[in-house]
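Down below is the structure, laid out as structure tokens.
In our numbering, the protein residues as written are 588 to 661.
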């Protein structure tokens, strides 16, 4: 009787462990965009001696994209 219960327990454990997980592929393709600008040394300006800045006109970058993801500037 013990062997029968042990065999049933092992069979149930094997059945549960091998059939309980199903891998589902979810792909959210979010293409990134990169913009590369070359800034010459004489194009930098000072901001009250606190920062050195250069303004770039980038109409593709709207407030929506800044709120939805990450915007990096180096």
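By construction, the Cβ of each residue, glycine as well, lies at the ideal position given by its N, Cα and C atoms.
Identify the continuous beta strand (DSSP E) that holds residue i and give its terminal residues.
{"i": "residue 638", "result": "638-640"}
Bridge partners of residue i, per DSSP?
{"i": "residue 634", "result": "638"}
Would you mind giving the Cβ-Cβ distance between residue i and residue j, rounded to the nearest angstrom? I have them listed as a contact below 8 Å.
{"i": "residue 632", "j": "residue 623", "result": "Incorrect: roughly 21 Å between the Cβ atoms, too far for contact."}
Would you kindly work out how many angstroms separate the C-alpha atoms of residue i and residue j, rounded to a whole number?
{"i": "residue 642", "j": "residue 611", "result": "45 Å"}
{"i": "residue 648", "j": "residue 602", "result": "53 Å"}
Who are the near neighbours of residue i in its chain, counting only those whose CB is closer than 8 Å to its CB and skipping five residues on each side?
{"i": "residue 634", "result": "640"}
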